[in-house]
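Report on one structure; see the data block that follows.
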Amino acid sequence: MPVYEYVALDSKGKKRTGILDADSPSVARAKLREAGSYPVEITEAPEVSASQDEKRFSLPFLEGRIPSKYISITTRQLSTLVGAGLPIVSALESLIPQSPHPVLQKVLAHVKDDIVEGKSLADALSSHPKVFSPLYVNMVRAGEASGAMEIVLARLSDLTERNENTKGKIRAALAYPVIMVLVAIVVLTALMVKVVPSIVSLFDDVQQALPLPTRVLIAASDFLVDYWVVLFVLIFGAALAFRQFKNSKRGRKWWDAKYLRIPILGPLAQNLSLARFARTLASLLTNGVPLVPAMGIVQNVVENVHIAEGIGDAAGEIGEGRGLGESLAAKPGFPPITIQMMEVGEQSGELEAMLEKMADMYEAETENTIDALTASLEPILIVAMAGGVGFIVFSILMPMMELTTTLR
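Taking our numbering, the leading residue of the sequence shown gets 1, the next gets one more, and so forth.
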């Protein structure tokens, strides 16, 4: 059934926009009139076709840019409606006009149409891989198989919210240091380009050798004034080249290996990966996904290539009959305490609960590391900025003091 985007006026004359499905534009107009709205404009939204290649282009390229918080909100609402006894199609019809993101409205409309045509919810969601991850689709599939869709959707929403909260804490913790670094660069550059040249010009007629700090300051200032464009192009080009290299398969593997060895940042990245691994695997196992397929899904959730490869190798070993802890024992990124916790969980039959505890532990360690990093960065940046300004002031005052002493 086609999906239409509309612009309409309600009973109070306020403009409303949204989408609805109907057999034709005239039926769409009739639906709007029945709802008490006056249709102003109706246009057909792109449809999803049967082939996978066409599906890739059926929606705008912005499909993948839907913030995960909107998906979490929609998942929570869908869980509530399903728990209240509404069929999936009716629940989606209720959610489409309430969705806070216009592209997500179109996606939900296409999902609803696929279900009406006979697809399962998981199959309909899998048609939109940029919006719904393999983790999301497989958990929904497990919920459909077990008949516990309400619980699965609630857990999916919790998992998404946890990931967003962790990312938000990291962004908030790093925002202040990043702003300070940018301010320091702007201030020092302005001093070197504008203030220093006007002051050191006073020393042009001085018939004596300038102190070494002053000569270094003048040389640095002249270089910035004369070659700032070249310097900017070099820095921008180096950053772009590094980004391209890091996004390549070989470059990402090299970078992920080096990153884990960086003090503070390496352990922080490792803890984040382990927390995501444990939380996601616990959710999948709790919802009935077998261990081997669950490991394959978790492999795509962990961002570090080396840890992901270790999980993939462990999945193969588990398929041959080995335990989870035993399979991960020699893999990179999994410390002994992690292996011990998983082995205890396997032996006691409470692997899911132990994985949840492991996730809580690593999330707490991550928060503590972020707090400690933020607390240590602030004074370091303040001292560095003060040192840069102090060097400029000292380099300017030195020749003035020497000149005063000579005149006396």
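C-beta: ideal position from N, C-alpha, C; glycine also. Note that the structure is a prediction, hence the values are computed from the model and not measured.
Original post:
Of the choices Ala184, Glu346, Thr286, whose alpha-carbon is the least far from that of Gly387?
Top reply: The candidate whose alpha carbon is nearest that of Gly387 is Ala184.
Subject >> Of the listed residues Asn304, Glu5, Pro263, nearest to His110 (C-alpha basis) >> reply: Glu5 is the residue among Asn304, Glu5, Pro263 whose C-alpha sits nearest the C-alpha of His110.
**OP:** Go ahead and pull the three-state DSSP assignment for Ile42.
**Re:** The answer is strand: DSSP assigns Ile42 an E or B state.
Original post:
Quick one, which of Asn247, Asp226, Gly118, Ile151 has its alpha-carbon nearest Gln77's?
Top reply: A check of alpha carbon separations from Gln77 across Asn247, Asp226, Gly118, Ile151 identifies Ile151 as the nearest.
Original post:
What residues in its chain sit with their C-beta under 6 Å from that of Pro25, if we drop five residues either side in the sequence?
Top reply: Answer for Pro25: Ile42, listed in chain order.
Original post:
What residues match up with Lys15 in a beta bridge as DSSP calls it?
Top reply: DSSP lists Leu9 as partners of Lys15.
Original post:
Measuring from the CB of Ser127, is there a heavy atom of the ligand ZN at a distance below 7 Å?
Top reply: Ligands in the displayed structure: none, and consequently the ligand ZN is not present.
Original post:
How about Ser72 and Ser157: are their beta carbons less than 8 Å apart?
Top reply: Contact annotation: Ser72 and Ser157 have beta-carbon atoms nearer than 8 Å.
**OP:** In the DSSP assignment, find the alpha helix (DSSP H) that holds Ala220 and state where it starts and stops.
**Re:** For Ala220, the enclosing alpha helix (DSSP H) begins and ends at 212–247.
Subject >> Environment of Asn247 [buried if 16+ CB atoms lie within 10 Å] >> reply: Per the 10 Å Cβ criterion, exposed.
**OP:** My understanding is that Ile264 touches Leu373, with C-beta atoms under 8 Å, so please give their C-beta distance in whole angstroms.
**Re:** Rounded, the Cβ-Cβ distance is 6 Å, consistent with contact.
**OP:** Determine the contact status of Ser146 and Gly288, defining contact as a CB-CB distance below 8 Å.
**Re:** Yes, Cβ-Cβ distance for Ser146 and Gly288 is below 8 Å.
**OP:** Could you pull out every residue in the same chain whose Cβ sits closer than 8 Å to the Cβ of Leu9, ignoring the five residues on either side in sequence?
**Re:** For Leu9, the CB contacts under 8 Å within the same chain, skipping 5 residues up- and downstream, are Lys15, Arg16, Ser37, Tyr38, Val40 in chain order.
Original post:
What do you get for Met149, buried or exposed, if any count of 16 or more other CB atoms within 10 angstroms of its CB means buried?
Top reply: When all chains shown are included, Met149 counts as buried.
Original post:
Taking DSSP as the reference, what is the three-state secondary structure of Asp23?
Top reply: Looking at Asp23 - three-state DSSP - the assignment turns out to be coil, as it is neither helix nor strand.
Subject >> Anticipated Cβ contact below 8 Å, Thr416 with Ser79, distance rounded >> reply: Absent from the model: residue 416. The displayed extent of the chain is 1 to 408, so no value can be given.
Original post:
Taking Cβ to Cβ, would you say Leu153 is nearer than 8 Å to Thr75?
Top reply: Yes.
Original post:
Just to confirm, are Thr286 and Val301 a CB contact at a threshold of 8 Å?
Top reply: Taking 8 Å as the cut-off, the beta carbon of Thr286 is found no closer than this to the beta carbon of Val301.
Original post:
For Glu144, which of Val131, Trp255, Ile115, Leu32 has the nearest alpha-carbon?
Top reply: Ranking Val131, Trp255, Ile115, Leu32 by Cα distance to Glu144 puts Ile115 first.
Original post:
So Tyr70 and Leu104 are in contact, right, with Cβ under 8 Å, and what is the actual spacing, rounded?
Top reply: About 6 Å separates the beta carbon of Tyr70 from that of Leu104, a gap short enough to meet the 8 Å contact definition.
Subject >> Buried or exposed (CB count within 10 angstroms, at least 16 for buried), Lys258 >> reply: Exposed, by the Cβ-count rule.
Original post:
Once you ignore the five residues that flank Ala122 on each side, which residues in its own chain have a CB closer than 8 Å to its CB?
Top reply: The beta carbon of Ala122 is closer than 8 Å to those of Val137, Asn138, Val140, Arg141, Glu144 in its chain, skipping five residues each way along the sequence.
Subject >> Assigned secondary structure, His110 (DSSP; H/G/I helix, E/B strand, else coil) >> reply: If DSSP states are grouped into helix, strand and coil, His110 belongs with the helices.
Original post:
Is it right to say Thr338 is buried, meaning 16 or more other beta carbons lie within 10 angstroms of its own, or is it exposed?
Top reply: Counting the other Cβ atoms within 10 Å of the Cβ of Thr338 gives 16 or more, which makes it buried.
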